[in-house]
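**Student:** Per UniProt numbering, the sequence shown runs over residues 1 to 225. No residue lacks a Cβ here, since even glycine has one placed at the ideal position from N, Cα and C. Below you'll find the structure I mean.
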Amino acid sequence: MASSSTLSWKYEVFLSFRGKVGIISRGEKLVSLLSIGSNDVRIIGLWGMGGIGKTTLARVVFSMVFEKFESCCFLSNVREESEKSGLVPLQQLLILKLLNESMSIHDVDDGVFTIKNRLRHKRILLILDDVNQLELLDNLAGNHIWFGSGSRIILTTRDKHLLQLADDIYDVEGLDDGEALHLLSLKAFKIDHPPKDFLELSKDVVHYAKGLPLAIETLGSFLFN
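Written out as structure tokens, the structure reads:
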């Protein structure tokens, strides 16, 4: 039987992500893949096409397990941020969130040195969202030994070849027809199931969206409006 504390955080996560159909069950599968009780350092890749729900899934898992670590950091849109401002600001933000220290970093190599030396004894949870280049990994989470025992690093990416360092890869799949129809109905009609008169239209929309949550939400909002 689940403990009251387990039920409590599950309920809090459910409230935070209600309307995200199928996300909690997927989150629980990913949590099991993290093997939180193990003291090794594990890198987990979330791989899938754009709009499939990688970032949302990573946020769900973050909400489920962050309390089990000394420090946590969720770096969103690292591809976009690195293209806009470079790697050094990302390194500074990572250090700020994990060490609660604002540090002056002179260049990327200095940032790598600081991350490796300051975090190697710290049990951390780090999520790098939307990784698109090996350079990002090399300079933000280049090796297991950079981080303390029990640390977990989660990478979301569309490019599977970037996950060579990963201990496990979670293939993020689209929604099945039932889940997709449920999500569309929530967005378009604000109820769990489409009205009878709109069922065939809804099925056509679901078929067109091919299980992509982002596409289903967009089309559902369009139908609602």
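Evaluate contact between the stretch 53-71 and the stretch 108-118, counting only Cβ atoms and requiring at least three cross-stretch pairs below 8 Å.
**Tutor:** No, the stretch 53-71 is not in contact with the stretch 108-118.
**Student:** Assess, as a yes-or-no matter, whether the stretch 63-74 is touched by the stretch 138-146 under the definition of 3 or more beta carbon pairs within less than 8 Å.
**Tutor:** Flag = no, the stretch 138-146 and the stretch 63-74 do not touch.
**Student:** Quick one: is Lys20 buried, meaning 16 or more other Cβ sit within 10 Å of its Cβ, or exposed?
**Tutor:** Burial call: buried.
**Student:** Give the straight-line distance between the Cα atoms of Trp47 and Ile127, rounded to the nearest whole angstrom.
**Tutor:** About 13 Å.
**Student:** Tell me the DSSP secondary structure of Leu155 in three-state form.
**Tutor:** Of the three classes helix, strand and coil, the one that applies to Leu155 here is strand, per DSSP.
**Student:** Using DSSP bridges, identify the partner residues of Lys198.
**Tutor:** Looking at the sequence provided, one finds Phe at residue 198 rather than Lys. DSSP lists no partner for Phe198.
**Student:** Going by beta-carbon coordinates alone, are Gly51 and Ala215 separated by less than 7 Å?
**Tutor:** The answer is yes: Cβ separation under 7 Å.
**Student:** If I measure Cβ to Cβ from Arg152 and keep anything under 6 Å in the same chain, skipping five residues before and after, which residues do I get?
**Tutor:** Result list for Arg152: Leu34, Arg42 and Leu125, in chain order.
**Student:** Going by DSSP, which residues form a beta bridge with Trp47?
**Tutor:** Per DSSP, Thr157 and Asp171.
**Student:** May I have a chain-ordered list of the alpha helix (DSSP H) segments no shorter than 4 residues that lie completely inside the stretch 62-119?
**Tutor:** Segments of the alpha helix (DSSP H) lying fully in the stretch 62-119: 78-85, 87-99 and 108-119.
**Student:** Quick one: what does DSSP say Arg123 is sitting in, helix, strand or coil?
**Tutor:** Arg123 falls in the coil class under three-state DSSP.
**Student:** When DSSP builds the beta bridges, which residues end up paired with Leu128?
**Tutor:** Answer is Leu75 and Leu155, bridged to Leu128.
**Student:** Among Gly150, Asp168, Leu98 and Leu134, whose alpha-carbon lies nearest the alpha-carbon of Arg118?
**Tutor:** Checking every option, the nearest Cα to that of Arg118 belongs to Leu98.
**Student:** Take every Cβ of the stretch 165-182, pair it with every Cβ of the stretch 206-223, and state whether three or more of those distances are shorter than 8 Å.
**Tutor:** Result yes; three or more Cβ-Cβ pairs closer than 8 Å.
**Student:** To the nearest angstrom, how far is the alpha carbon of Phe74 from that of Phe222?
**Tutor:** If I take the Cα positions, the gap works out to 31 Å.
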